[in-house]
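Under the working numbering, the first residue of the sequence shown carries the number 525, and numbering increases by one thereafter. Working notes for the structure below.
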Amino acid sequence: AEKSRAAKDYDRAIEAFQESIALHPTVRAYNGLGITYYTLRRHDDAIQAYRQALALRPDDPAVHYNLGLAYQDLGRDEDAARTFRESFRLNPANHAARDALGVSLSKLKQYDEAVAATEAAIRMKPDDASYRLHLCDIQVAMQKYSQAIGACGEALRLTPDLPAAHQALGSAYLSLEQYDQAAAAYYRCAQLKPDDAECRRGLGRAYYLDYDFEEAIPAYQQLLRLRPDDPSASNWLGRSYQALDRHEDALPHLEAAVAAQPDNAAYLLDLGIVLVDLGKTQEARQVQRRLASLDAKRAASLETYLDNAR
């Protein structure tokens, strides 16, 4: 079973683990079966296998850790946190369980405890870039952006080509309105992981907020190649064209955003404005009437824009 799993012949591995268990149930076999199911993202089956392993040996820290990972992937972070705590209670040297606990606590918005768990993991294994990245992510969530930049910097010192660290760094710089640094971080992320849509989104946002609309346009175009049906990307691409007075280029993208989300008042307002700029007053008034039933403030803004365009 273990040889089959190592060879990525997972169906054969499952069959062999089950045959082994039928002959003689052991923690090793149940844990191996759980790992195989987990690899296949069959989380419920993995959880059942890990629980059967723990029924045989309740004090196995490795199985508790594996069970916690399965809970975490399912978004069951309270169960995950409880299980990770049990893992490092049984094995205080298990730094991975402390780090994983920090991730789950962060998702539960228990940030101070999350920081404590992650910092404990870092003290135990200071050369692990992923632990420092997780600390950076937690500090971004806490809006402690300067500290997050420091943690991400340490992660990148250890692993310079870590896309997620460049992305988190970009997010921190963006929140501090340091748009040049944000763009540089997102650009590096996109270089390292060209198919990462969120790197492209962050890059476009950084350029747009820095009034570098010429650079924002290709960033959003690349995002749309990755996610053709993303209304936010269509809207921001349209806004970037609009900022350069390229109204004809802006229109189809703003229309696409509204088509995808017809009740999005922000998208409707952007569409209405470009229609006014193109002299399509009647169509703009139709948009204004739709806005009136959704967002009175934005409807009034478009009405004022229409009046000023007369």
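Even glycine gets a Cβ: it sits at the ideal position worked out from N, Cα and C. The structure presented is a predicted model; accordingly, all values stated were derived computationally and were not measured.
Between residue i and the rest of its own chain, which residues show a CB-CB distance below 7 Å, the 5 nearest in sequence each way excluded?
| i | result |
| --- | --- |
| residue 665 | 630 and 635 |
| residue 713 | 687, 690, 691, 694, 720 and 723 |
| residue 855 | Because the chain in this structure spans residues 525 to 834, residue 855 falls outside the shown range and cannot be described. |
| residue 739 | 731 |
| residue 794 | 759, 762, 763 and 778 |
Compute the beta-carbon to beta-carbon distance between residue i and residue j, rounded to the nearest angstrom, for a pair I have assumed lies under 8 Å.
| i | j | result |
| --- | --- | --- |
| residue 691 | residue 723 | 6 Å |
| residue 679 | residue 686 | 6 Å |
| residue 555 | residue 574 | 7 Å |
| residue 789 | residue 822 | 5 Å |
| residue 632 | residue 603 | Not confirmed; about 11 Å, so no contact. |
| residue 583 | residue 614 | 6 Å |
| residue 830 | residue 805 | 7 Å |
| residue 551 | residue 587 | 7 Å |
Compare the C-beta of residue i against all C-beta atoms of chain C and say whether one is closer than 7 Å.
| i | result |
| --- | --- |
| residue 738 | As a matter of chain content, chain C is missing from the structure shown, which is built from one protein chain. |
Under the rule that 16 or more other beta-carbon atoms within 10 Å means buried, what is residue i, buried or exposed?
| i | result |
| --- | --- |
| residue 548 | exposed |
| residue 735 | exposed |
| residue 814 | buried |
| residue 610 | buried |
| residue 618 | buried |
| residue 647 | exposed |
| residue 729 | buried |
| residue 832 | exposed |
| residue 746 | buried |
| residue 656 | buried |
| residue 706 | buried |
| residue 670 | exposed |
| residue 725 | buried |
| residue 699 | exposed |
| residue 817 | exposed |
| residue 529 | buried |
Suppose the cutoff is 8 Å on Cβ atoms and the five residues either side in sequence are ignored; what does the same chain contact list for residue i look like?
| i | result |
| --- | --- |
| residue 777 | 758, 759, 761, 762 and 765 |
| residue 802 | 771, 772 and 775 |
| residue 702 | none |
| residue 677 | 693 |
| residue 675 | 656, 657, 659, 660 and 663 |
| residue 622 | 608, 612, 641, 642, 644, 645 and 648 |
Leaving out five residues on either side along the sequence, give the residues of the same chain with a beta carbon under 6 Å from the beta carbon of residue i.
| i | result |
| --- | --- |
| residue 557 | 541 and 573 |
| residue 545 | 553 |
| residue 819 | 789 |
| residue 755 | 781, 784 and 785 |
| residue 733 | 703 |
| residue 672 | 660, 663, 664 and 696 |
| residue 737 | 764, 767 and 768 |
Taking one C-beta from the region 581–597 and one from the region 557–567 each time, how about it: are there three or more such pairs within less than 8 Å?
yes
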